[in-house]
Structures are given as structure tokens and as C-alpha cells.
Amino acid sequence: MSKKLGFIGLGTMGAPMAGHLIAAGHEVHLYTIEGVPADLAKKGKAAKSAAEVAKNADIIIIMVPDTPHVESVLFGENGIAGNLGKGKIVVDMSSISPIETKKFAEKVEKLGARYLDAPVSGGEVGAKAASLTIMVGGHDEDFATVKPYFELMGKNITHVGGNGDGQTTKVANQIIVALNIEAVAEALIFASKAGADPAKVRKALMGGFASSRILEVHGERMINRTFDPGFRIELHQKDLNLALQGAKALGVALPNTATAQELFNTCAANGGKAWDHSGMVKALELMANHPVAGKK
Numbered sequence: 006m007s008k009k010l011g012f013i014g015l016g017t018m019g020a021p022m023a024g025h026l027i028a029a030g031h032e033v034h035l036y037t038i039e040g041v042p043a044d045l046a047k048k049g050k051a052a053k054s055a056a057e058v059a060k061n062a063d064i065i066i067i068m069v070p071d072t073p074h075v076e077s078v079l080f081g082e083n084g085i086a087g088n089l090g091k092g093k094i095v096v097d098m099s100s101i102s103p104i105e106t107k108k109f110a111e112k113v114e115k116l117g118a119r120y121l122d123a124p125v126s127g128g129e130v131g132a133k134a135a136s137l138t139i140m141v142g143g144h145d146e147d148f149a150t151v152k153p154y155f156e157l158m159g160k161n162i163t164h165v166g167g168n169g170d171g172q173t174t175k176v177a178n179q180i181i182v183a184l185n186i187e188a189v190a191e192a193l194i195f196a197s198k199a200g201a202d203p204a205k206v207r208k209a210l211m212g213g214f215a216s217s218r219i220l221e222v223h224g225e226r227m228i229n230r231t232f233d234p235g236f237r238i239e240l241h242q243k244d245l246n247l248a249l250q251g252a253k254a255l256g257v258a259l260p261n262t263a264t265a266q267e268l269f270n271t272c273a274a275n276g277g278k279a280w281d282h283s284g285m286v287k288a289l290e291l292m293a294n295h296p297v298a299g300k301k
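In C-alpha cells form, the structure reads like this:
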């Protein structure tokens with residue numbers, strides 16, 4: 006039996022994700038602070054608050070920028086907590102603190118509902134193509150219930166473990182992505198400064214062991230100077246902050262993650278917080294006084 010769905014947070018990624026659920030024929034109750042986009046409101050059910058969404062939906066999906074935003078949706082004024090109870094499942098698909106996620110899950114379960122943390126990777130392109138990677142933490146039975154809806158939004162869907170483990174996996178993903186962007190940027194700057202054609206160097210590397218999705222997509226962005234997001238640097242900064250805060254709490258050193266964060270900080274200081282995260286290359290170009298291609 007199909008569940009009534011709720012979707013809170015209809016930004017760059019949330020809007021197309023909710024759109025896929027609506028296109029599949031599901032009843033979807035929608036809310037976002039900025040107002041539900043007209044194209045979604047025509048086919049879905051626009052609500053006046055997060056609380057209204059939770060009142061009318063069995064599964065409530067949240068897709069907002071950061072930990073405080075999730076907390077506000079859950080427990081703030083006109084939040085969903087007052088309308089949670091037995092049979093309802095909260096699915097947080099935002100990228101937030103694993104530590105706070107565990108606390109949120111405990112509070113939600115005390116209200117009688119269940120909780121899944123299900124952050125995603127794939128950016129705006131993946132959201133529009135319904136090809137997101139989805140990393141899920143929570144109970145087995147809840148994952149089984151929500152999986153058919155995940156499959157409408159993504160392709161690589163993995164139940165990682167208990168609550169918080171999905172968010173931990175996403176933080177690990179963001180560490181790898183940031184460090185790969187940094188590596189590709191260094192390599193292309195080196196090649197360009199040495200006098201080689203960076204576009205041809207990238208093409209050659211795509212056939213070898215250095216090949217990666219980052220080299221393919223973000224390497225091309227660096228060469229073509231296309232830094233419109235995509236995935237904004239300020240959001241990646243948020244994710245690396247989670248990594249570094251978590252590492253401190255765990256007593257783990259993440260030296261290269263810290264370096265990547267400083268490069269993002271350099272971009273932000275130069276007006277680049279809204280650049281695509283491939284724009285990290287600009288910080289390295291400043292240090293080298295040499296652009297990969299074209300003008301700085």
C-alpha cells in the first residue's frame with residue numbers, strides 16, 4: 006500500500022527529488038520556507054508549515070542545508086514533532102552532524118515515530134537524473150519500508166547501519182571528494198605550468214589509473230572555467246567542518262582534510278563561497294600565480 010509522503014526543503018536538490026516522487030504518482034505534501042515552486046504545487050499538495058506536512062504524511066522527508074535547519078524542522082516552532090507518532094517515519098536526507106543525528110533519532114523515537122538518516126551524493130545533476138547515491142542509517146524494517154521511494158530518487162542505495170552511520174558515510178564521502186578535487190587541481194596546474202595542454206593531459210589521464218569521476222567532471226570544469234554550482238563551496242566547507250569536528254572528538258588526525266578546508270576558506274575569502282567546489286583550483290592558482298587555462 007502506497008504511503009502518503011511529505012517533503013520539506015525544496016531547494017536545488019530537494020525540488021527535483023520531490024518531483025520524482027510526484028511523477029511516480031505518489032501523494033506528496035510539500036513545504037519550504039521560500040514557498041513551494043509553482044510547478045510542484047500544481048501536482049503536489051503545498052502546505053503552510055512543516056507541522057502540516059507531518060500531520061498529513063506517513064513518511065516525512067527532510068532536505069535542508071545544515072544541522073540547525075534539521076533541528077528547527079524537527080523541534081522548532083511549527084516543526085513536525087507535534088504531529089509524530091506510531092507508524093510515521095522521518096527521513097533526513099540532508100548532510101548534517103552524525104553526533105546530532107543520533108540525538109535527533111532518539112528524540113523522534115521517544116515520540117513513537119521512527120528515524121532514518123539518508124544523506125545523498127551526486128549533486129544537482131544526480132538529483133535531476135534520479136541517480137543519487139543514498140547512504141542510510143536506521144532500523145532494517147524502516148529501510149525496507151522507505152527503499153521503494155529511495156529508488157525513485159537514486160540508484161546506489163546502501164543501508165550502512167544504525168542511526169548516524171548514514172551521516173558518517175556522507176562525511177567520509179566528502180573527505181574523499183575534497184581531496185580528489187585538490188589532487189586534480191594540483192596535477193592540472195603542474196601540467197599547464199610545464200607547458201602541456203591541460204585538456205589533452207586530462208584526456209590521457211582518463212585512460213589510466215588516475216582516472217576518476219572527479220577528473221572527468223571537475224577536471225573539465227577547471228579547464229573550461231565553469232564554476233557555477235553544482236555543489237557550492239560553502240556547503241562543502243560545512244561538510245568538512247563536520248569531518249574536522251568529528252575527528253577532534255574521536256582523537257583522529259585528518260591533516261589533508263584540514264588543508265582542503267583551508268583552500269576552500271581561501272576561495273571564500275576571495276568571493277567564492279558560491280562557486281562550485283571544483284573552484285578550489287582557484288586557490289591553488291593564486292598560490293602558483295598561474296591558471297590552469299584562460300584567465301584567473
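With positions in the sequence shown counted from 1, the corresponding number in the working numbering is that position plus 5. Every residue gets a Cβ at the ideal spot worked out from N, C-alpha and C, and that includes glycine.
Residues bridged to residue i [DSSP beta-bridge criterion]
i    : result
A51  : L35
G14  : DSSP, once it has assigned bridges, lists no residue as partnering G14.
R119 : I94
M140 : T163
S100 : Per DSSP, none; premise fails for S100.
V125 : I139
I64  : L10, I94
Of the listed residues the options, nearest to residue i (C-alpha basis)
i    : options                : result
I5   : D202, V78, W280        : An answer regarding residue 5 cannot be provided, because it is not within the stretch 6 to 301 covered by the chain.
A46  : I64, I27, A62, K60     : I27
V146 : R207, K198, N168, K133 : One point to set straight first is that residue 146 is Glu, not Val, in the sequence displayed. Residue N168 is the option with its Cα nearest to E146.
V130 : M227, F236, G277, I64  : F236
A199 : G87, A55, L35, V297    : V297
K115 : T174, V286, C272, A86  : A86
V176 : V222, A134, A123       : A123
D281 : I186, S216, F214, G49  : I186
M22  : K133, G276, P70        : K133
E57  : L240, T72, N83         : N83
A29  : F269, D244, G49        : G49
G242 : A188, H31, N161, S283  : Per the sequence shown, the amino acid found at residue 242 is Gln instead of Gly. With distances taken between Cα atoms, Q242 lies closest to S283.
Y120 : S126, F148, F232       : F148
E267 : I238, A279, K253       : I238
N261 : V165, L184, K9, H74    : L184
G90  : E225, G117, M18, G81   : G117
A188 : D170, A201, G224       : G224
G127 : C272, K160, G143       : K160
C272 : L240, S216, A20        : L240
A279 : R218, A209, T17, T72   : T17
Y274 : S216, A288, H164, T72  : Residue identity differs from the one stated: residue 274 is Ala in this sequence, not Tyr. Answer by Cα proximity: A288.
L15  : A52, S7, K8            : A52
G277 : V257, D233, A265       : D233
V113 : A59, I162, K8, H164    : A59
A55  : H144, V257, P73, G81   : G81
T163 : S197, V125, F195, A196 : V125
L255 : H74, E76, I104         : I104
T174 : E111, D202, G143, F195 : G143
K9   : A258, V257, E32        : E32
M68  : E111, A20, G212, F109  : A20
Rounded distance between the beta-carbons of residue j and residue i, thought under 8 Å
i    : j    : result
T106 : Q179 : The pair is not a contact, with the Cβ atoms about 15 Å apart (cut-off 8 Å).
V373 : I228 : Limits of the chain in this structure are 6 at one end and 301 at the other, which puts residue 373 out of reach.
T37  : I13  : 7 Å
V286 : A190 : 4 Å
G193 : V206 : For the record, residue 193 in the displayed sequence is Leu; it is not Gly. About 7 Å; that satisfies the 8 Å criterion.
N61  : G11  : 7 Å
A135 : H25  : 5 Å
F269 : L245 : 7 Å
R230 : G299 : 5 Å
### Task
Report yes or no: do three or more beta-carbon pairs, one from the segment 150-159 and one from the segment 131-141, lie closer than 8 Å?
yes
#### Entry: the segment 92-109 contacting the segment 42-55, beta-carbon criterion three pairs below 8 Å
no
### Message
Below 8 Å, how does it come out for the segment 291-300 and the segment 240-253: are there three or more Cβ pairs, yes or no?
### Response
The segment 291-300 and the segment 240-253 do not touch, with fewer than 3 CB-CB distances between them shorter than 8 Å.
### Query
In chain order, which alpha helix (DSSP H) runs of at least 4 residues are fully inside the segment 221-284?
238-255, 260-274
### Query
Where in the segment 161-213 do unbroken runs of the alpha helix (DSSP H), each at least 4 residues long, occur, reported from the N-terminal end onward?
As for any alpha helix (DSSP H) of minimum length 4 sitting wholly inside the segment 161-213, the runs are 170-198, 203-210, ordered along the chain.
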